[in-house]
Amino acid sequence: MDALYARFGTRLSRFALSLLGDQDAAQDAVQETFLAVWQSAGTYQGGSSVSTWLLGICRNKVRDQLRRRPPPTEPLNGAGGLVSPGSGEEAVELWACFRQMDEDDQELIQLVFHQGLSLQEVAEVLGIPVGTVKSRTFYARRRLRQLLRGGDSE
Amino acid sequence: MPCQEVQELLPWIANQTASPSERRQVFAHIAVCATCRRELVEVVALARRVESATEALPGPARAVDHLALLEEAGLPPLVAELVRGARSLVRQGVVVSLGLPWVAPLTVRV
Chain A
4 MDALYARFGT RLSRFALSLL GDQDAAQDAV QETFLAVWQS AGTYQGGSSV STWLLGICRN
64 KVRDQLRRRP PPTEPLNGAG GLVSPGSGEE AVELWACFRQ MDEDDQELIQ LVFHQGLSLQ
124 EVAEVLGIPV GTVKSRTFYA RRRLRQLLRG GDSE
Chain B
8 MPCQEVQELL PWIANQTASP SERRQVFAHI AVCATCRREL VEVVALARRV ESATEALPGP
68 ARAVDHLALL EEAGLPPLVA ELVRGARSLV RQGVVVSLGL PWVAPLTVRV
């Protein structure tokens, strides 16, 4: 368990934080991920890589956190808890746009561009066909680009 | 391969996980299609931007409490007690490792 955490803890934490925008909630999601791993380690079939398996569990825990969260009373503006005082202007702008995308699009952008998953791995983590991953990622990245250029997401 | 298909594959060209056959088809296409070539440049830039912003996010704020995990997982109290005892011994410098499969790694972190 320690070896898994040492290897994947930071990666999962950043994944969860980028989607939740809150460090405590992200840490809870990661903790719940490792608890689920502990409880279900015997069910790992070895069909997917360990990182894909962990990301799939973590993604579900993030979804649980989002479901438990009360709906925002105001539109999301700014980069929220995703930037620190040392963050560059580019990162601030990116997160501000990222937070305006819907959760499905955020997941895809993170899984492909930060986690570096292959098409098949993204399909496995999200439980959707490869063709759907391709088309949804196409529109998600278009949306993000549009937002970064100052346009609305729709 | 038509432009739409090429453009749908570009994120996996950018993250370098496309298959050799997909890479061949995409690069054959962009060699003769300026639109898709520009699109690839934009996708690569976007990928780098997302990666660098995410890498700048803070890591875990606190270490995972493995003992709490063991207890929450419903392991017999005796096991949790053993782990707690082992951590106490390590804190006091009495032992470094107990040689138990999942107690020993825990002792390294306390």
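Protein chains in written order, with this note's numbering: chain A, 4 to 157; chain B, 8 to 117.
All C-beta atoms in this analysis are idealised placements derived from N, C-alpha and C, irrespective of residue type, glycine included.
Here DSSP, grouped into helix, strand and coil, assigns B:Cys-43 to helix. For B:Ala-25, the secondary structure class from DSSP, reduced to helix, strand or coil, is coil.
What B:Thr-42 touches in chain A, judged by beta-carbon distance under 7 Å, is nothing: the nearest beta carbon there is about 14 Å away. DSSP places B:Pro-18 within a helical segment (H, G or I) once states are collapsed to three. A:Leu-23 is the residue among A:Leu-23, A:Gln-34, A:Ser-54 whose C-alpha sits nearest the C-alpha of A:Arg-71. Interface annotation, B:Ser-28: not in contact with chain A, CB-CB separation never under 9 Å. Leaving aside the five residues that flank A:Leu-151 on each side, the residues in its chain whose CB is nearer than 8 Å to its CB run, in chain order, Glu-96, Leu-97, Cys-100. In the same chain as A:Gly-119, and ignoring 5 residues on each side of it, no C-beta atom comes closer than 6 Å to its own. Here the alpha carbons of A:Gln-68 and B:Gln-23 stand approximately 31 Å from one another. Annotation: B:Gln-32 has no Cβ neighbours in chain A at a cutoff of 7 Å; minimum Cβ distance is about 14 Å.
Residues of chain A with a Cβ closer than 7 Å to the Cβ of B:Leu-64 are, in chain order, Arg-17, Leu-20, Ser-21, Leu-85.
In the three-state reduction of the DSSP assignment, A:Asp-27 falls in the helix class, which pools H, G and I. Bounds of the alpha helix (DSSP H) holding A:Ser-54 are 53-71.
Contact annotation, B:Ala-21 with B:Val-51: C-beta distance approximately 5 Å; criterion of less than 8 Å satisfied. Considering only beta carbons, the part of the region 43-60 of chain B lying closer than 8 Å to chain A consists of Glu-49, Val-50, Leu-53, Ala-54, Arg-56, Val-57, Glu-58, Ser-59, Ala-60, in chain order. In this structure, B:Glu-15 keeps its C-beta atom at 9 Å or more from the C-beta atom of A:Phe-116.
At a cut-off of 9 Å between beta-carbon atoms, B:Pro-18 makes contact with chain A. Less than 9 Å divides the Cβ of A:Gln-113 from the Cβ of B:Thr-61. Taking 9 Å as the CB threshold, A:Gln-103 stays off the interface with chain B.
In the DSSP assignment, A:Ala-99 falls within the alpha helix (DSSP H) that extends over 92-101. At a cut-off of 9 Å between C-beta atoms, A:Trp-98 counts as an interface residue with respect to chain B. B:Pro-67 belongs to the set of residues whose beta carbon lies under 9 Å from a beta carbon in chain A.
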